[in-house]
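J.: Dropping a structure here in structure tokens format, bear with me for questions.
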Amino acid sequence: MRILLVEDEKRISDSIKKGLEQETFAVDTAFDGEAGFDLAITEDYDVIILDLMLPKLDGLEVCRRLRKNKNHSPILMLTAKSQLHDRVNGLNAGADDYLIKPFAFTELLARIKALTRRPKGSLDALLAADGLKLNTLTYEVSREGKEIRLSKKEFSLLEYLLRNKGQILTKEQIIDHVWDYEADVLPNTVEVYIGYLRNKIDKPFEKKDRLILTVRGFGYKVGGRK
Ligand code: CA
Numbered sequence: 004m005r006i007l008l009v010e011d012e013k014r015i016s017d018s019i020k021k022g023l024e025q026e027t028f029a030v031d032t033a034f035d036g037e038a039g040f041d042l043a044i045t046e047d048y049d050v051i052i053l054d055l056m057l058p059k060l061d062g063l064e065v066c067r068r069l070r071k072n073k074n075h076s077p078i079l080m081l082t083a084k085s086q087l088h089d090r091v092n093g094l095n096a097g098a099d100d101y102l103i104k105p106f107a108f109t110e111l112l113a114r115i116k117a118l119t120r121r122p123k124g125s126l127d128a129l130l131a132a133d134g135l136k137l138n139t140l141t142y143e144v145s146r147e148g149k150e151i152r153l154s155k156k157e158f159s160l161l162e163y164l165l166r167n168k169g170q171i172l173t174k175e176q177i178i179d180h181v182w183d184y185e186a187d188v189l190p191n192t193v194e195v196y197i198g199y200l201r202n203k204i205d206k207p208f209e210k211k212d213r214l215i216l217t218v219r220g221f222g223y224k225v226g227g228r229k
């Protein structure tokens, strides 16, 4: 797997590069937006890590131009906490995920691994696990062929769980990905919504294995039991 890292702070760039190389990734670095863009369109990267604040061209602009150039490499944006509102802009500009600085290296690694598992070019419209199907285009959900009606929030929670099938997700990650930044969400709220979901996708299907597992002390997981 090959990664492009566009980050102007040398110290951060060096430490990310070193860490990723230890995880067997090949890492190219660029220290401004123009150089990053040039590398991105000439090489084929499995993931592009793009800092938001960059000299010459900022991360949003690089992202926009890459997508305009039909470059579909997954993009992980790095933003400072003070630029939190920019995460929405980042996702609108075509980024696939974002990470708030400062972050733990393990978190960065987990995000990169999740991104590399996605099929290149598009996200799967149809997500499935153990007889459960979720269509992200038509918003249809069913299990064993039986239609399940979910609220919007339940749907986006289930979609997030399915997109990260087999991975343990913390409540904080779930909050970050399912609720917008203006929402005042407590970890307890996640528990409540997980409960709603279980009532709809697990409870009526007692003969099947439970889909949503609680990983005590960590969070939740869908599938990946085998
Ligand atoms: Ca920067």
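In my numbering, each number is its position in the sequence shown, counted from 1, plus 3.
Even glycine gets a Cβ: it sits at the ideal position worked out from N, Cα and C.
Just so you know, these numbers come straight off a predicted model, no measurement behind them.
If V9 and K20 are in contact, beta carbons under 8 Å, what's the gap, nearest whole angstrom?
T.: That pair is no contact at about 12 Å.
J.: When the Cα atoms are used, what is the spatial distance from G62 to D54?
T.: 6 Å
J.: Straight-line CA distance for E46 to E12?
T.: Each residue's alpha carbon lies about 22 Å from the other.
J.: Looking at the structure shown, is E150 part of a helix, part of a strand, or coil, going by DSSP?
T.: Note: E150 maps to strand in three-state DSSP.
J.: Quick check on DSSP: helix, strand or coil for N72?
T.: coil
J.: From this set, V195, L94, T109, which residue's C-alpha is nearest R70's C-alpha?
T.: L94
J.: How many angstroms separate the CA atom of Y184 from the CA atom of E175?
T.: The pLDDT assigned to Y184 is 48, lower than 50, so where the model puts this residue is not dependable; a value taken from the coordinates is nonetheless given after this. Roughly 12 Å between the two C-alpha positions.
J.: Rounded to whole angstroms, what is the Cα-Cα separation between H75 and G36?
T.: 17 Å
J.: Alpha carbon to alpha carbon, what distance is there between I215 and L130?
T.: If I take the Cα positions, the gap works out to 15 Å.
J.: Go ahead and label S18 buried or exposed: buried means 16 or more other beta carbons lie within 10 angstroms of its beta carbon, across all protein chains shown.
T.: Its Cβ having fewer than 16 others within 10 Å, S18 is exposed.
J.: Taking only the alpha-carbon atoms, compute the straight-line gap between S154 and L200 and give it to the nearest angstrom.
T.: 10 Å
J.: Is R5 helix, strand or coil by DSSP?
T.: strand
J.: Taking the CB atoms as reference points, tell me whether I78 and G97 lie closer together than 8 Å.
T.: yes
J.: Whose CB is closer than 6 Å to a heavy atom of ligand 1? List the residues in chain order.
T.: D11, E12, D54, M56, L57
J.: Does DSSP classify D187 as helix, strand or coil?
T.: Here D187 sits in coil by DSSP.
J.: Does the count of Cβ pairs from the stretch 146-160 and the stretch 196-211 closer than 8 Å reach three?
T.: With a cut-off of 8 Å, the stretch 196-211 and the stretch 146-160 count as touching, because enough Cβ pairs lie within range.
J.: Please find out if some non-hydrogen atom of ligand 2 comes closer than 7 Å to the beta-carbon of S76.
T.: Here the bound small molecules are ligand 1; ligand 2 is not part of this structure.
J.: State the start and end residues of the unbroken alpha helix (DSSP H) segment that holds T217.
T.: First-last for T217: 215-218, but that is the beta strand (DSSP E), not the alpha helix (DSSP H).
J.: Excluding the 5 residues flanking G124 on each side, which residues of the same chain have their C-beta closer than 8 Å to its C-beta?
T.: For G124, the predicted model reports a pLDDT of 37, less than 50, meaning its position is unreliable; a value from the coordinates is still stated below. Result list for G124: H75, in chain order.
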